[in-house]
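Residue numbers (full-length UniProt numbering), protein chains in the order written: chain A, 1 to 146; chain B, 1 to 146; chain C, 1 to 146; chain D, 1 to 146.
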């Protein structure tokens with residue numbers, strides 16, 4: 001399936017429609033098989049013990065998967081997560097951003113399934129893995145105005 | 001199993017160890033079968049379309065389940081989520097707080113499993129359901145100092 | 001929502017459309033809030049150590065949730081599981097059947113979400129918990145012929 | 001981590017300790033990054049509509065992930081699944097075996113996390129994805145006798 005929104009278009013979309021998320025997150029790259037998103041880790045994301053909190057990792061996976069879907073179907077602000085499953089496996093490396101490497105497994109008319117691997121930048125072993133299902137609403141005229 | 005931290009003790013723990021979370025969240029009640037936690041919804045939690053974002057619902061479930069475990073074992077700041085599964089089922093009611101009703105299903109020495117139902121306050125049908133596994137570290141002397 | 005298939009009707013449906021499953025499984029009761037299904041445990045279900053295997057527990061949860069949905073919408077043989085999440089928490093009690101207590105959390109036009117608690121008959125603590133999403137196909141004329 | 005059981009050793013282990021599973025399943029290959037397992041599909045696995053039932057897909061993923069762990073730690077019959085999450089995405093191709101491609105994401109002392117992609121042999125798009133957590137018991141002397 002063709003890529004209809006690249007990293008620049010996705011970042012512009014986030015900045016406009018998800019301004020709070022856009023401050024912390026960015027789309028690094030969008031390829032045929034993989035999208036990479038970044039969480040710029042700062043003190044607000046940290047939990048006791050210096051680890052990045054689960055909700056921040058969830059948010060990164062959510063944005064990566066959402067943008068991976070949008071990269072194929074265009075801006076659909078009302079696509080919603082219906083299911084998420086996460087395994088938290090390792091403590092992130094201190095002082096590093098987190099990256100989510102996302103792959104779409106199914107892109108149907110009404111449901112999409114994707115998975116993301118969360119890594120500390122420059123480290124080998126994954127911090128977490130996540131799979132999500134998104135419900136895609138029928139396309140509506142106002143979405144085509146973007 | 002006895003309750004060793006009540007709602008007041010849990011809120012004091014959150015305020016001290018999780019100050020950012022404590023601003024938005026509170027423990028309403030702790031009973032033998034159920035803990036209830038609240039997310040004070042404000043604009044920061046909202047997504048396009050007026051819904052509460054998935055990460056905010058995840059964070060509420062996470063805090064409810066974490067506190068339900070602490071209510072039985074006492075303050076263990078380093079207990080960590082190892083797995084989470086969430087189904088997002090309905091859009092929250094506009095202008096209402098979210099409540100998480102949490103139940104512990106297993107409380108072993110090293111792993112605990114619990115589930116939470118997320119509801120808009122005063123509404124009947126659940127917004128989301130969540131189950132999580134927590135890894136509980138061996139008790140360490142400094143924890144008994146709280 | 002009204003119950004349109006009771007335990008007897010569901011067992012007849014299983015015997016006709018799922019004869020292999022019907023040999024091991026039965027619907028015990030269908031109430032407004034809860035369906036109970038049984039797995040008649042025999043040696044075929046056992047793993048080393050005498051525990052019931054994960055696939056057998058999955059199959060019990062799947063049948064319980066499927067029948068809970070059918071109890072509300074009538075016989076739709078082509079409803080399919082799209083997502084399942086299970087926590088296996090305790091070894092089943094030796095020599096006892098397993099029961100699944102199932103509750104529907106959402107019954108939409110195209111998606112249903114339900115959860116099941118798996119217990120050894122007569123024992124208090126749950127063996128497993130499961131949540132599943134089912135995709136419900138549009139109703140077709142031949143389904144109404146049952 | 002070194003591979004300590006290859007496909008032949010794993011198939012011998014299944015035949016001895018899981019004779020029922022071994023009739024349907026086989027380990028195709030074990031590599032540094034990927035284990036491949038096969039479900040020899042026959043009529044017993046089929047559901048109405050000709051699809052392979054969810055429990056059979058669960059069983060294939062379970063065996064693939066179990067054997068992937070054993071391939072690294074040796075025969076530990078009492079390792080148990082503690083959590084599983086599956087997305088069923090497409091109907092399997094008719095008349096073809098199913099393959100599970102499994103990758104270990106974490107192999108700790110007491111917990112292992114792995115994921116598997118389920119495909120119809122010779123087809124491109126995945127039928128299902130699964131992630132599982134296994135609890136690994138402390139090594140016991142009798143295991144070293146194999």
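Note that CB positions come from ideal geometry on N, CA and C, so glycine has one too.
Runs of beta strand (DSSP E) lying entirely within the UniProt domain "Thioesterase" (49-122) of chain C, each at least 3 residues, in chain order: 80-88, 98-107 and 111-120
Whether residue 28/D touches residue 21/D by CB criterion (8 Å): no
The stretch 59-70 of chain C in contact with the stretch 119-134 of chain C per 3-pair CB rule at 8 Å: yes
Residue 135/A vs residue 111/A beta-carbon contact at 8 Å: Taking 8 Å as the Cβ cut-off, residue 135/A and residue 111/A qualify as a contacting pair.
Unbroken alpha helix (DSSP H) run spanning residue 35/B, endpoints: Run containing residue 35/B: none in the alpha helix (DSSP H); it sits in the beta strand (DSSP E), 35-39.
Cutoff 8 Å: residue 81/D Cβ touching any chain B Cβ: no
Span separating the alpha-carbon of residue 146/A from that of residue 60/C: Confidence at residue 146/A is low in this model, with a pLDDT of 35, below 50, so the placement of that residue should be treated as unreliable; the coordinate-derived value is given next. The alpha-carbon atoms of residue 146/A and residue 60/C are separated by roughly 48 Å.
Inter-stretch contact at 8 Å, needing at least 3 Cβ pairs: the stretch 71-79 of chain A / the stretch 93-103 of chain A: no
Given residue 100/C as reference, the closest of 123/C, 82/C, 79/C and 5/C once Cα atoms are compared: 123/C
Cβ-based neighbour list, residue 137/D, same chain, cut-off 7 Å, excluding 5 preceding and 5 following: Annotation for residue 137/D: 76, 78 and 79 place their beta carbon closer than 7 Å to its own, counting only its chain and skipping 5 residues before and after.
Residue 16/A - containing alpha helix (DSSP H), residue span: 7-17
Proximal chain C residues relative to residue 115/B, where beta-carbon distance stays under 9 Å: 87, 115, 129 and 131
Rounded straight-line distance, which links the Cα of residue 121/D to that of residue 70/A: 30 Å
Delimiting residues of the beta strand (DSSP E) encompassing residue 27/B: 25-30 is the extent of the beta strand (DSSP E) around residue 27/B.
Whole-angstrom C-beta distance between residue 58/D and residue 104/D, which should lie under 8 Å: No, residue 104/D and residue 58/D are not in contact; Cβ-Cβ is about 19 Å, not under 8 Å.
CB contact check: residue 106/C to chain B, cutoff 8 Å: yes
Beta-carbon gap between residue 53/B and residue 84/A smaller than 8 Å: no
First and last residue of the uninterrupted beta strand (DSSP E) at residue 132/C: Note, residue 132/C: beta strand (DSSP E), 128-135.
C-beta contact flag for residue 114/C and residue 68/C at 8 Å: yes
Assigned exposure category for residue 5/C - 16 Cβ within 10 Å defines buried: Residue 5/C is buried by the Cβ-count criterion.
Cβ-Cβ separation, residue 30/C to residue 14/C (assumed contact under 8 Å), whole Å: With a Cβ gap of about 13 Å, residue 14/C and residue 30/C do not count as contacting.
Buried versus exposed call for residue 49/B [16 or more other C-beta atoms within 10 Å across all chains shown]: exposed
CA nearest to the CA of residue 41/B, picked from 26/B, 16/B and 18/B: 26/B
Beta-carbon gap between residue 88/A and residue 82/B smaller than 8 Å: Here residue 88/A is near residue 82/B, since their CB atoms are less than 8 Å apart.
Residue 13/A at chain B interface by Cβ criterion, 8 Å: Under the Cβ distance rule, residue 13/A does not count among the residues neighbouring chain B, no pair being separated by less than 8 Å.
Proximal residues, the stretch 31-46 of chain C versus chain D, C-beta separation under 7 Å: 44
Proximity test, residue 99/A beta-carbon vs the ligand SAH heavy atom, cut-off 7 Å: What this structure holds is no ligand at all, so the ligand SAH is not there to describe.
Neighbour-count burial assignment, residue 47/C, 16 or more Cβ in a 10 Å radius: buried
Outcome for residue 92/A when other beta-carbon atoms lying within 10 angstroms are tallied against a minimum of 16: With 16 or more Cβ atoms within 10 Å of its Cβ, residue 92/A is classed as buried.
Chain A contact for residue 126/B (CB, 8 Å cutoff): no
Contact with chain B by residue 138/A, beta-carbon distance below 8 Å: Cβ-Cβ to chain B under 8 Å: no for residue 138/A.
Proximity test, Cβ basis, 8 Å: residue 50/D and chain C: no
CB contact check: residue 72/C to chain F, cutoff 8 Å: Here chain F cannot be found, since the structure's protein chains are A, B, C and D.
Among 35/A, 34/A, 45/A and 2/A, nearest to residue 23/A - alpha-carbon criterion: 45/A
Minimum C-alpha distance to residue 184/D - residue among 109/D, 3/D, 35/D and 43/D: The displayed coordinates of chain D run from 1 to 146. Any statement about residue 184/D would go beyond what the structure contains.
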